[in-house]
Amino acid sequence: MNTELLEKVKTAMGHTIPSAVLDNKISTHIEAVRGYLISGGAKETVGENDLEINCIAIGVSDLMNQTAGGVKFSPAFNMIAKQVCSKSKRK
Numbered sequence: 028m029n030t031e032l033l034e035k036v037k038t039a040m041g042h043t044i045p046s047a048v049l050d051n052k053i054s055t056h057i058e059a060v061r062g063y064l065i066s067g068g069a070k071e072t073v074g075e076n077d078l079e080i081n082c083i084a085i086g087v088s089d090l091m092n093q094t095a096g097g098v099k100f101s102p103a104f105n106m107i108a109k110q111v112c113s114k115s116k117r118k
């Protein structure tokens, strides 16, 4: 796991208190969101600029706030994910 990306995502989410348990959970969700974005056409290195970091942070927040029996990304995540994925295809 990229420690720098973890710290940037935590900052974007407003998590500033150190917690190994929370870091592990967020790291797992970061990889899930990155995988989702890469499958959608984002570059393999997704998470290097502010738009991508904020998109990942929103996706992680969505996953952390899921209810039993359902996982659904927010409209905000979907909107930014489309930008991230289409931007990658244009380069």
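Count along the sequence shown from 1, add 27, and you get the number used in the working numbering. Even for Gly, the Cβ is constructed at its ideal location relative to N, Cα and C.
Give the straight-line distance between the Cα atoms of Lys114 and Leu78, rounded to the nearest whole angstrom. 11 Å
Minimum C-alpha distance to Glu58 - residue among Thr94, Gly97, Ala84, Ala95: Ala84
Residues of its chain near Asp89, where Cβ-Cβ distance is below 6 Å and the 5 sequence neighbours each way are ignored: Phe100, Ser101, Phe104
Could you tell me if Lys35 is buried or exposed, where buried requires 16 or more neighbouring beta carbons within 10 angstroms of its beta carbon? buried
Excluding the 5 residues preceding and the 5 following Ala39 in the sequence, name in chain order all residues of the same chain whose CB lies nearer than 7 Å to its CB. Ile80, Asn81, Ala84
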